Structure formats: C-alpha cells, structure tokens
Amino acid sequence: MTTRQLETIWAPRMLGILRIMTALLFLAHGSQKLLGFPASEFSPAVFTLPWVAGVLELFGGALLVLGLFTRPVAFVLSGMMAVAYFMVHAPQSFFPPLNGGDAAILFSFVFLYIVAAGPGAWSVDALRNRRLTVSEGI
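Each residue of the sequence shown is one higher than the one before, counting from -4 in the working numbering.
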C-alpha cells in the first residue's frame, strides 16, 4: 500500500470511523442523562445546564453519527465541551487526570478536528455534496 492510497482511500474512511465512534460515545452520555440508559442515578432537572448538555449530547451525537450538518454541529459540541471542562473540571484541579476532565478535553479537540477535516466517508453531508455537484454539472 502506498502513501497515496492511504491518503486518498483510507484517510476519509478512518475519519468517518473516528466521527462515528466519537459520536456514539458522546450520544451515550446524552442518553444516560435524558433517557436513563445506560442506567444512572443522575437525572438532571428539565432546562438546567446539565439537561441542556444532555440534549446537545443526544441530538448532536445522533447528527454526527449520521454525518448530517457535521461541521456546525461539531463546532457547537467542541465549544460545549471546552466550556464544560472549564466550568466543571478545571476548578477541581489543574491536572486533567486528577480533575476527571480527560474525556471533555479529548471530545473538544476531536470535534474541533472534525470541524476542519469534515465528515469523512459514509456521511449524509458527503451524499448531499455529491448530489449537488452532479446536479450542477461539475
């Protein structure tokens, strides 16, 4: 396998897998907060900040799994995770392994990367772009 094959064939596929798996993990946090699955003792009150975070996690995660509106959704979620880190985790300790903010930092930067790189393979956005390109005769 050549470097060119890695770049043209496998890079978009691996980006798609990164997007889908990250979104599924993120979606699980929202379903836990809002739907109680997987089972959790924490259930935020409606319209509180944790509830809004759960809504963004659930619906934003679902949109990213599908690859629909990928860049704007990833931008919002990246910002949400940065805010979550500084509001919840950073005040506990400067060091992420001690303050439990590892996942928040990682989610924030993966989403930021997706904003720049796009959805990768297997996304509704890619299908929509392909259809627009064909219909415009490009």
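Heads up, the beta-carbon is just placed ideally off N, CA and C, and yes, glycines get one too.
Nothing here was measured: the structure is a model prediction, and the numbers come from that model.
Under 8 Å between C-beta atoms of residue i and residue j
i	j	result
V110	G62	no
G115	G11	yes
F104	L72	no
F81	E52	no
Residue interval of the alpha helix (DSSP H) (run including residue i)
i	result
S26	A6 to L30
G56	G56 to L61
V50	L44 to V50
T65	T65 to A79
V41	Per DSSP, V41 belongs to no alpha helix (DSSP H) and is neither H nor E.
A116	Element bounds for A116: n/a, residue is neither H nor E.
L93	P91 to N94
Nearest residue (CA-CA) to residue i, options the options
i	options	result
V47	L58, G25, R66 and T65	G25
A99	T3, V41, Q87 and M76	M76
V41	V50, S35, A34 and E2	V50
R14	F64, E2 and A79	F64
T17	V68, L127 and V60	V60
A112	A69, F90, L101 and Q87	A69
W117	R(-1), E36, P7 and L93	P7
G55	L101, L127, L19 and M(-4)	L19
Whole-Å CB distance - residue i paired with residue j, under 8 Å assumed
i	j	result
A85	G96	7 Å
P33	P39	With 8 Å as the limit, P33 and P39 do not qualify as a contact, their Cβ atoms being about 16 Å apart.
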